[in-house]
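**Q** Taking numbering that gives the first Met the number 0 as reference, the numbering of the sequence shown is continuous, increasing by one, and the terminal residue is 177.
C-beta: ideal position from N, C-alpha, C; glycine also.
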Amino acid sequence: MPRLFIAINLPEVVADHLALVQGGVPGARWEARDKLHLTLRFLGELDGGTARAVAEGLAAVTQPRFELGVRGVGHFPPRGEPRSLWAGVDDPTPLHALHDRIERVLIRIGVPADTRKFAPHVTLARLRDAPRGRVLAFLEHHALLETARFEVVDFALMSSVRTAGSSSYRVEQRFPLT
Ligand code: ATP
Ligand code: MG
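(1) How would you call arginine 40, buried or exposed, if buried means at least 16 neighbouring beta carbons within 10 angstroms?
(2) Let me check one thing: in DSSP terms, what residues is histidine 36 bridge-paired to?
(3) By DSSP, does valine 69 sit in helix, in strand, or in coil?
(4) Around the C-beta of glycine 56, are 16 or more other C-beta atoms found within 10 angstroms, so that it is buried, or is it exposed?
(5) Apart from the five residues on each side of it in sequence, which residues of its chain come closer than 8 Å, Cβ to Cβ, to phenylalanine 149?
(6) Taking DSSP as the reference, what is the three-state secondary structure of valine 170?
(7) So if DSSP puts glycine 79 in a beta bridge, which residue, or which two residues, is it bridged to?
(8) Please confirm whether any heavy atom of ligand 1 lies closer than 8 Å to the CB of arginine 32.
(9) So the candidates are Trp29, Pro25 and Val24; which of them puts its Cα closest to the Cα of leucine 229?
(10) Work out the CA separation of alanine 31 and valine 53 for me, nearest whole Å.
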């Protein structure tokens, strides 16, 4: 049973830009440049039949291509000890539309609904015992982060495999936007 999620992968130029801001926080585990992505929906472990149904359903999703830029930084959870650092997006409207279309597909298939509200972000780092002052300095320093805008031409069904304390991702299938 593969561990699956649905994501938008970032173009090189955007990943390169984000890689440049990754630093300066002791205790941060920075996400590898080639793994930077925006999760549309985490699926978790699905049986083969359900995974195939999801892939088929996703192939039927139609949405026009749209432009996106990565902008600003923040942390999760919003209150309390920060556990991750992320970059936001400049116009989440088309992302929400895509997320809703995907959610409708999943409901039809019977995948349990997402209990969390969709909050589009690109995880930059996981934190452990990061000094609060350094986290705040990072947030301040990169508050005006703005990458090149890019056209989202597809999204992907991804699998995630855990190996020796880290994870690796694989594109299982791409779904072009129209
Ligand atoms: P690891 O958890 O081993 O450090 P990872 O976080 O890179 O690895 P996954 O946990 O498989 O890999 O997560 C894949 C994607 O799904 C990531 O974007 C992650 O933030 C997101 N994700 C993981 N678990 C959940 C969850 N319970 N709810 C929402 N999104 C999740
Ligand atoms: Mg994880």
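**A** Here's the rundown:
(1) Along the sequence shown, one-based indexing puts residue 40 at 41. Around the Cβ of arginine 40, a 10 Å sphere holds 16 or more other Cβ atoms; the residue is buried.
(2) Within the sequence shown, residue 36 is the residue found at index 37, counting from 1. The partner list for histidine 36 (beta bridge, DSSP) reads Asn8.
(3) By one-based count along the sequence shown, residue 69 stands at place 70. Look at valine 69 here: in three-state DSSP terms it is strand.
(4) Translated into positions along the sequence shown, residue 56 becomes position 57. By the neighbour-count rule (16 or more Cβ atoms within 10 Å), glycine 56 is buried.
(5) Walking along the sequence shown from the start, residue 149 turns up at place 150. Taken in chain order, the residues that qualify are Leu9, Pro10, Val12, Val13, Glu66, Leu67 and Gly68.
(6) Within the sequence shown, the letter at position 171 stands for residue 170. Valine 170: strand per DSSP, three-state reduction.
(7) In the sequence shown, the residue the question calls residue 79 occupies position 80. BP columns for glycine 79 are empty, so no partner.
(8) Indexing the sequence shown from 1 puts residue 32 at position 33. Arginine 32 Cβ: outside cutoff for every heavy atom of ligand 1.
(9) Only positions 0 to 177 of the chain appear in the structure, and residue 229 is not among them; the question remains open.
(10) The sequence position of residue 53 within the sequence shown is 54, counting from 1. The sequence position of residue 31 within the sequence shown is 32, counting from 1. Whole-angstrom Cα-Cα distance: 27 Å.
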